[in-house]
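Student: Dumping the structure here so I can ask a few things about it.
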Amino acid sequence: MFDRIAGGYDRMNSVMTAGMHHRWRARAADLARVGPGDRVLDVATGTGDLAVELERRVGPGGEVVGTDFSETMLELARRKAPGIRFEPGNALELPYADGEFTAATVGFGARNFSDLPRGLSEMARVTRPGGRVVVLEITTPQRPPLSVFFSMWFDRVVPAMGRLAGSPDAYEYLPSSVRRFPGPHELAGELAGAGLEHVTYVLTAGGIIAIHAGTVPARP
Ligand SMILES: C[S@@+](CC[C@H](N)C(=O)[O-])C[C@H]1O[C@@H](n2cnc3c(N)ncnc32)[C@H](O)[C@@H]1O
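Residues in the sequence shown are numbered consecutively from 16, following the working numbering.
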């Protein structure tokens, strides 16, 4: 499915979020707390927009690696950001050693993991002690008026846009995957369950976007 929607993915993001997704990615990259010289992994990187945000923070002395299981998404990411290493990989079995990265991020990808605890544990495993794991996701707002707007937008407008874009199934899958995904409080529990400490989250865009972060504890 992700291979199929890759060509129109960036355009749909900009239309669906009125361009605000770049701001949310910048906030997630800030919460990774990386700086010049760091090595960062962006999991389920897609067309690489979050990886690009991270690259700005690690500078020429650092390195960002973006990984995804959709080769079509990766190809678009490589064209967008030739300075970033984009390579194939399954988030549930990351092809990296323990503690290889200063931080690991995932943007709008965790919702698609068929095994969320495993995906989060993998991100924690490849991050060095003291490093951060950051999860940027869409979440379901609980209170009106945003809950009413969200329901209309995601259940009606987004699937209609998907039909126009020629990918009806993918953009029907999007709202259903958001509804299935744990709410912010539960997701914080999942990060803690993956062994992360000091788990916090911020809600933005009126409670439609959640950014969770936790720290990898010192190894015994
Ligand atoms: C909605 S896109 C998000 C892409 C990008 N991170 C962004 O912020 O726009 C979800 C991405 O997750 C990838 N993905 C889903 N499950 C995955 C897995 N188990 N391993 C690797 N990539 C996965 C898909 O191929 C797709 O590119």
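Even for Gly, the Cβ is constructed at its ideal location relative to N, Cα and C.
So, helix, strand or coil for residue 165, using DSSP?
Tutor: DSSP places residue 165 in helix when its eight states are reduced to three.
Student: Drop a sphere of 10 angstroms on the beta-carbon of residue 213, count the other beta-carbons inside from all chains shown, and report buried for 16 or more, exposed for fewer.
Tutor: By the 10 Å Cβ count, residue 213 comes out exposed.
Student: Work out the CA separation of residue 51 and residue 74 for me, nearest whole Å.
Tutor: Answer to the nearest angstrom: the Cα atoms are 5 angstroms apart.
Student: Pick from 29, 38, 26 and 232: whose alpha carbon is nearest that of residue 142?
Tutor: The shortest Cα separation from residue 142 among 29, 38, 26 and 232 belongs to 232.
Student: Tell me which same chain residues have a C-beta within less than 6 angstroms of the C-beta of residue 70, skipping the five on either side of it?
Tutor: So the list reads 79 and 99, once near-sequence residues are dropped.
Student: According to DSSP, what are the bridge partners of residue 216?
Tutor: Paired residues: 227.
Student: Check each candidate in 130, 94, 147 and 20 and name the one with the smallest Cα separation from residue 54.
Tutor: Nearest of 130, 94, 147 and 20 to residue 54, Cα basis: 147.
Student: State the start and end residues of the unbroken beta strand (DSSP E) segment that holds residue 153.
Tutor: Segment 142–153, the beta strand (DSSP E) holding residue 153.
Student: Under the three-state reduction of DSSP, which class applies to residue 184: helix, strand or coil?
Tutor: Here residue 184 sits in helix by DSSP.
Student: Return yes when the C-beta of residue 85 is under 7 angstroms from any heavy atom of ligand 1, and no when it is not.
Tutor: True, at least one ligand heavy atom lies under 7 angstroms from that Cβ.
Student: Could you compute how far the alpha carbon of residue 108 sits from the alpha carbon of residue 132?
Tutor: Taking the straight line from one Cα to the other gives about 12 angstroms.
Student: Consult DSSP for residue 69 and reduce its assignment to one of helix, strand or coil.
Tutor: Residue 69: helix per DSSP, three-state reduction.
Student: Is the region 133–140 close to the region 162–173, with three or more CB pairs under 8 angstroms?
Tutor: No: fewer than three Cβ pairs fall under 8 angstroms.
Student: Could you check the C-alpha separation between residue 134 and residue 151 for me, to the nearest Å?
Tutor: Each residue's Cα considered, the two are about 14 angstroms apart.
Student: Residues in its own chain within less than 8 angstroms of residue 190 by CB, not counting five upstream and five downstream?
Tutor: Result list for residue 190: 169, 170, 173 and 174, in chain order.
Student: Can you tell me the Cβ-Cβ gap for residue 62 and residue 18, rounded? I've got them flagged as a contact below 8 angstroms.
Tutor: Not confirmed; about 12 angstroms, so no contact.
Student: Just to confirm before moving on: does the CB-CB distance between residue 230 and residue 198 stay below 8 angstroms?
Tutor: Result no, Cβ atoms of residue 230 and residue 198 do not sit closer than 8 angstroms.
Student: Ends of the beta strand (DSSP E) at residue 199?
Tutor: Not the beta strand (DSSP E): residue 199 falls in the alpha helix (DSSP H), residues 199–208.
Student: Got a sec: does ligand 1 put a non-hydrogen atom nearer than 7 angstroms to the Cβ of residue 184?
Tutor: No, the Cβ of residue 184 stays beyond 7 angstroms of every heavy atom of ligand 1.
Student: What are the boundary residues of the beta strand (DSSP E) that includes residue 120?
Tutor: Run containing residue 120: 116–122, per the beta strand (DSSP E) assignment.
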